[in-house]
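Take UniProt numbering: the last position of the sequence shown gets the number 262, and nothing is skipped along the way. We treat Cβ as the ideally placed atom computed from N, Cα and C, and that holds for glycine. In this text, all values refer to a predicted model and were calculated from it rather than measured experimentally. What follows is a short report on a single structure.
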Amino acid sequence: MRILTLVLFLWPVILPAQDIEVDVELFLAVDVSRSMNRDELELQRQGYSQALMDADVLAAIKDGPLGRIAVTYVEWAGDQAQRIVVPWQILATTQDAQNIAETIAARKSPAMRRTSISGALAYAMESFEHNGFTGLRRVIDVSGDGPNNQGPPVTQLRDAAVARGFVINGLPLMTVDLLSEFWGIPDLDIYYENCVIGGPGAFVVPVLSWNEFPAAIKRKLILEVSALPPYVRQAQFAVPSPYDCLVGEKMREANRTYFEIP
Numbered sequence: 001m002r003i004l005t006l007v008l009f010l011w012p013v014i015l016p017a018q019d020i021e022v023d024v025e026l027f028l029a030v031d032v033s034r035s036m037n038r039d040e041l042e043l044q045r046q047g048y049s050q051a052l053m054d055a056d057v058l059a060a061i062k063d064g065p066l067g068r069i070a071v072t073y074v075e076w077a078g079d080q081a082q083r084i085v086v087p088w089q090i091l092a093t094t095q096d097a098q099n100i101a102e103t104i105a106a107r108k109s110p111a112m113r114r115t116s117i118s119g120a121l122a123y124a125m126e127s128f129e130h131n132g133f134t135g136l137r138r139v140i141d142v143s144g145d146g147p148n149n150q151g152p153p154v155t156q157l158r159d160a161a162v163a164r165g166f167v168i169n170g171l172p173l174m175t176v177d178l179l180s181e182f183w184g185i186p187d188l189d190i191y192y193e194n195c196v197i198g199g200p201g202a203f204v205v206p207v208l209s210w211n212e213f214p215a216a217i218k219r220k221l222i223l224e225v226s227a228l229p230p231y232v233r234q235a236q237f238a239v240p241s242p243y244d245c246l247v248g249e250k251m252r253e254a255n256r257t258y259f260e261i262p
């Protein structure tokens, strides 16, 4: 009995790994549905890569209380279609930014079917659990070029995320081409404001042309990592009251044959 007691006393105690504290846990949810063509997917990857390496973005990160954030970059489309491009990792230095940017820029994955913002939000919330980090804020950054058309209603997942303390910001891609005219809606920024974003200080940064994309990503990242007052832009369209957050699902139902594509 004494020997067993001695063995137990000398046996190394294995403690659970301690989460790394960061200023922000940032989940970048990037739309790669088939309404995005190959050139747009490449512009999107390059835009994120450039913004993450921007000196002003890195300065905003360093100005935080801890001077570091945790970030992951995940591509999304349908309800069960998500791809991890950059797993959760620290972003604090120029080298960190370069490593992440190179990983994103090197990705040449094809587009995936459907558009499920609700699926992206559900996946994001799960991803934060046991990611190895504890942030002062937890932010889900959603970019997309159309409304939710698969999975649960987006407001259901938005409300669940807000109730759990997440902030959801939006980057509606309102660029115009043949695919966006068919699959998108003209007031996507208003859709995001009413149906997608939520939490303290949540905001929308619309992108009206791909030339604006790198600057919009940069502005959005600086706002998110520094918790500055949200960027506000005057809406282009009158807002229906109440806004129909099921517009994407209704479009898919009305055009069931065609919606086999995105």
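Taken in chain order, the complete alpha helix (DSSP H) segments of 4 residues or longer contained in the stretch 132 to 194 are 154 to 163, 178 to 183 and 188 to 191. Using a Cβ distance threshold of 8 Å, residue 161 and residue 140 count as a contacting pair.
Non-local C-beta neighbours of residue 247 in its own chain, meaning closer than 8 Å and more than five positions away in sequence, comprise 147, 185 and 191, ordered along the chain. Taking all protein chains shown into account, residue 96 has 16 or more neighbouring C-beta atoms within 10 Å of its C-beta and is therefore buried.
Judged by DSSP secondary structure, residue 103 falls within the alpha helix (DSSP H) whose first and last residues are 94 to 106. In the DSSP assignment, residue 18 falls outside any alpha helix (DSSP H), carrying neither H nor E. Residue 75 carries a strand assignment under DSSP once its states are collapsed to helix, strand and coil. Closest in alpha carbon position to residue 47, among 206, 72, 63 and 214, is 214. Excluding sequence positions up to five before and after residue 131, its CB lies within less than 6 Å of the CB of 88, all in the same chain and listed in chain order. An exposed status is given to residue 176, since fewer than 16 other beta-carbon atoms sit within 10 Å of its beta-carbon.
In this structure, the alpha-carbon of residue 249 lies about 15 Å from that of residue 113. Apart from the 5 residues on each side of it in sequence, residue 28 sits with its Cβ closer than 6 Å to the Cβ of 73 and 141 in its chain, given in chain order.
Of all C-beta pairs linking the stretch 114 to 122 to the stretch 149 to 159, three or more are shorter than 8 Å, placing the two stretches in contact. Its chain contains 172, 174 and 189 as the residues whose beta carbon lies nearer than 6 Å to that of residue 206, once the 5 sequence neighbours on both sides are disregarded; these appear in chain order. In the structure shown, residue 114 falls within a coil segment according to DSSP collapsed to helix, strand and coil.
Relative to residue 217, the option among 150, 196, 251 and 170 whose CA is nearest is 170. Bounds of any alpha helix (DSSP H) do not take in residue 84; it lies within the beta strand (DSSP E) bounded by 82 to 91. In this structure, the alpha-carbon of residue 83 lies about 31 Å from that of residue 65. DSSP places residue 222 inside the alpha helix (DSSP H), whose first and last residues are 213 to 226. Per DSSP, residue 197 lies in no alpha helix (DSSP H) segment and is marked neither H nor E. Between the C-alpha atoms of residue 77 and residue 94 there is a straight-line separation of about 30 Å.
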